[in-house]
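According to the numbering used here, the sequence shown holds residues 288 to 371 in order.
No residue lacks a Cβ here, since even glycine has one placed at the ideal position from N, Cα and C.
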Amino acid sequence: EPELNEAIPNDERDTTMPAAMATTLRKLLTGELLTLASRQQLIDWMEADKVAGPLLRSALPAGWFIADKSGASERGSRGIIAAL
Numbered sequence: 288e289p290e291l292n293e294a295i296p297n298d299e300r301d302t303t304m305p306a307a308m309a310t311t312l313r314k315l316l317t318g319e320l321l322t323l324a325s326r327q328q329l330i331d332w333m334e335a336d337k338v339a340g341p342l343l344r345s346a347l348p349a350g351w352f353i354a355d356k357s358g359a360s361e362r363g364s365r366g367i368i369a370a371l
């Protein structure tokens, strides 16, 4: 896993797009790819993520539900995906 955080420019391993990530997350959270228990576990993990709090949660209206996952690399790149 540490090798995934390298973020080397033009690295062929870094080929996803935001729309593809959003589609995958939607399928994981609302589709039949996971069992109900596994889906709830994923949501619980994403709700518990505190890294993106200042970036996302602080900008949401009171009472909104958010489940997110963030990541960062050694070269300062950042990725965040969330379900509202």
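For residue i, three-class secondary structure by DSSP
| i | result |
| --- | --- |
| Lys337 | coil |
| Ile367 | strand |
| Asp355 | strand |
Neighbourhood of residue i by C-beta, 8 Å cutoff - its chain only, sequence neighbours within 5 removed
| i | result |
| --- | --- |
| Ala333 | Note that residue 333 corresponds to Met in the displayed sequence, not to Ala. For Met333, where only same-chain residues beyond five positions count, the Cβ hits under 8 Å are Ala354, Asp355, Lys356, Ala369 and Ala370. |
| Ser364 | Ala294 |
| Ala335 | none |
Which listed residue (the options) has its alpha carbon closest to that of residue i
| i | options | result |
| --- | --- | --- |
| Leu329 | Leu315, Leu342, Pro296 and Thr310 | Leu315 |
| Thr311 | Asn297, Arg326, Arg300 and Asp298 | Arg326 |
Proximity below 8 Å, CB of residue i to CB of residue j
| i | j | result |
| --- | --- | --- |
| Leu343 | Ile367 | yes |
Same chain only: Cβ atoms within 7 Å of residue i, ignoring 5 sequence neighbours per side
| i | result |
| --- | --- |
| Arg362 | Ala294 |
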